[in-house]
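For reference, the structure is listed below as structure tokens.
Numbering (the numbering used here), first residue to last: 403 to 916.
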């Protein structure tokens, strides 16, 4: 409606009352303008006319101004509202991002703690691996040393036993040389030679472990069955002879007659038995000398086996620890990557928060200005009915008048009438500022464009340009009285820039006018 937001706020009754006041004010404007024409003729000697068409123009221009200014105000308010809404949503987004950043930072702290824990565990596992590896190296060295010692002892014992082996073989050969004939011959001796008795005594001591009875009869009983006697000699354990036997044998072996060659002159069987005794004792003494080496060899083998078993055990532990360490390292690499990803996400959120925060801080004062401008726009929309009435009346009626007449009419008469009728306007009931109608009829951009095309900067020229622009907006050309042709030049530039029709120029004395 013609009343605008102020009327709508008061409901149907308020709008109807406001419309009545607007109509009454329009009538008052028309009547006062007609009276001003009479005053203008008397005081200035110049003619100005007010016709019914002027009133129709007033009504039309008022509707146009009210609609255009309302649309402009609503458009500007919408833009400002959108800007403020965007600013508020941005602040909300910043708050959400800050909350998200806190969550991300907590995740970063958790990931860092996890990585640090893994790093500590890896350090402990690595130390344990190194400790176990040192044990493995020590066991390896011990096993190698035991193996070397065993090899040395085995080699040394083998050498000594190799030297003793011929004596044992000679003893075996001597037994093999014993036969029934030679043994029968020997046993048939009634009183054997002393050398032979020494041999049988040695056999009684070694084989029968006899300690007292070394008589010939005792010896013959020992040799009673030749094959059995030979088996006894063959099965004799040459590696385990009691010490007391050796003690008794040493004096016998040292006897010059206890000799194989000597025995051969006495009896072939006695010679073979002498050879068996000498070589068996020789082998035993060699074996006894080698026995500590053999025992050392066995001990070295046990130590080597133990060291190798411990080495295998430690190596298994090292392998298990290394496998665990490898898994920890893989977990550490994965956790480090996850930590870096979370850090990058947090950095990105932090960057966005900082950017948005700078933006909102930078626009904060702008937002305050927008809010203030919205408030001013609301006030302007409220005052549109009165402002549009002043502007329309000014453009319709005040073109022919001088500045004093213009001010007296709209400022002292029309503004007071608006205030009396409670029609909302920018300044309320108080006197309006000098440029109030001009502010309704033209924007700052309009004024700048007009001046760029040569319009003088004085207020009167600006008002005249606004009156002409209002007429042109409704498709009319006003009558321009321009003795100096300054206004004509401006109109031509203005129309040329707008691509409009050139004005019709009439001069005094021009043919066809009379």
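C-beta: ideal position from N, C-alpha, C; glycine also.
Just so we're clear, the structure is a prediction, and the values are computed from it rather than from any experiment.
Practice task
Note down the Cα distance separating residue 754 from residue 501, rounded to an integer number of angstroms.
Solution key: 13 Å
Handout entry: Under the three-state DSSP convention, the category residue 879 falls into
Key = coil
Problem - Where residue 676 falls, given that 16 or more other Cβ within 10 Å makes a residue buried - result: buried
Exercise for the section: Report, in whole angstroms, the separation of the C-beta atoms of residue 797 and residue 468, which I expect to be a contact under 8 Å. Expected result: The pair is not a contact, with the Cβ atoms about 13 Å apart (cut-off 8 Å).
Handout entry: CB contact flag (residue 891, residue 466, <8 Å)
Key = no
Exercise for the section: Could you tell me the boundaries of the alpha helix (DSSP H) in which residue 598 lies? Expected result: 596-610
Exercise for the section: Taking all protein chains shown into account, decide if residue 471 is buried (16 or more other Cβ within 10 angstroms of its Cβ) or exposed. Expected result: buried
Practice task
Assign residue 643 to one of three DSSP states: helix, strand, or coil.
Solution key: coil
Practice task
Kindly confirm or deny that the stretch 736-744 and the stretch 501-514 touch, where touching means at least three C-beta pairs closer than 8 Å.
Solution key: yes
Practice task
Spell out a yes or no on whether the stretch 762-782 and the stretch 469-488 are touching, meaning 3 or more CB-CB pairs, one atom from each, closer than 8 Å.
Solution key: yes
Practice task
Can you give me the Cβ contacts of residue 534 inside the same chain, cut-off strictly under 8 Å, excluding the 5 residues immediately before and after it?
Solution key: 716, 719, 720, 723
Problem - Distance, residue 853 Cα to residue 815 Cα - result: 30 Å
Practice task
Report yes if the C-beta distance between residue 610 and residue 625 is below 8 Å; otherwise report no.
Solution key: no
Practice task
Along the alpha helix (DSSP H) that carries residue 636, what are the first and last residues, could you check?
Solution key: 628-636
Exercise for the section: Specify the secondary structure class of residue 897 as computed by DSSP and reduced to three states. Expected result: helix
Practice task
Could you spell out where the alpha helix (DSSP H) holding residue 582 opens and where it closes?
Solution key: 582-589
Practice task
Please report the residue range of the alpha helix (DSSP H) in which residue 793 lies.
Solution key: 670-799
Problem - Selection from 697, 732, 446, 426 that minimises the alpha carbon distance to residue 560 - result: 697
Problem - Stretch pair the stretch 648-655 + the stretch 621-640: three plus CB contacts closer than 8 Å - result: no
Practice task
Let me know the secondary structure DSSP gives residue 577 once reduced to three states.
Solution key: helix
Handout entry: Rounded separation between residue 679 and residue 645 - CA only
Key = 15 Å
Exercise for the section: Go ahead and label residue 744 buried or exposed: buried means 16 or more other beta carbons lie within 10 angstroms of its beta carbon, across all protein chains shown. Expected result: buried
Exercise for the section: Determine contact between the stretch 816-830 and the stretch 859-878, defined as no fewer than three beta-carbon pairs at a distance below 8 Å. Expected result: no
Problem - C-alpha distance - residue 537 paired with residue 575, whole-angstrom precision - result: 54 Å
Practice task
Measuring alpha carbon to alpha carbon, tell me which of 734, 683, 840, 709 ends up nearest residue 552.
Solution key: 709
Handout entry: Cβ neighbour criterion (16 or more within 10 Å) applied to residue 602
Key = buried
Exercise for the section: Could you have a look at residue 490 and say whether DSSP puts it in helix, strand or coil? Expected result: helix
Exercise for the section: Measuring alpha carbon to alpha carbon, tell me which of 823, 841, 628 ends up nearest residue 416. Expected result: 823
Exercise for the section: Verify whether the separation of the beta carbon atoms of residue 450 and residue 802 is less than 8 Å. Expected result: yes
Practice task
Measure the CB-CB distance between residue 671 and residue 580 and report whether it falls below 8 Å.
Solution key: yes
Exercise for the section: Tell me the start and end of each unbroken alpha helix (DSSP H) in the stretch 410-461 that is at least 4 residues and wholly inside, in chain order. Expected result: 413-446
Practice task
Within 10 angstroms of the Cβ of residue 767, are there 16 or more other Cβ atoms? Answer buried if so, exposed if not.
Solution key: exposed
Practice task
Measure the Cβ-Cβ separation of residue 478 and residue 779 and say whether it is below 8 Å.
Solution key: yes
Exercise for the section: Look at the alpha carbon of residue 418 and the alpha carbon of residue 454, and state the distance between them as a whole number of angstroms. Expected result: 24 Å
Problem - Which of helix, strand or coil DSSP assigns to residue 945 - result: Absent from the structure is residue 945, since the part of the chain shown begins at 403 and ends at 916.
Handout entry: Pair within 8 Å by beta-carbon distance, residue 503 and residue 762
Key = no
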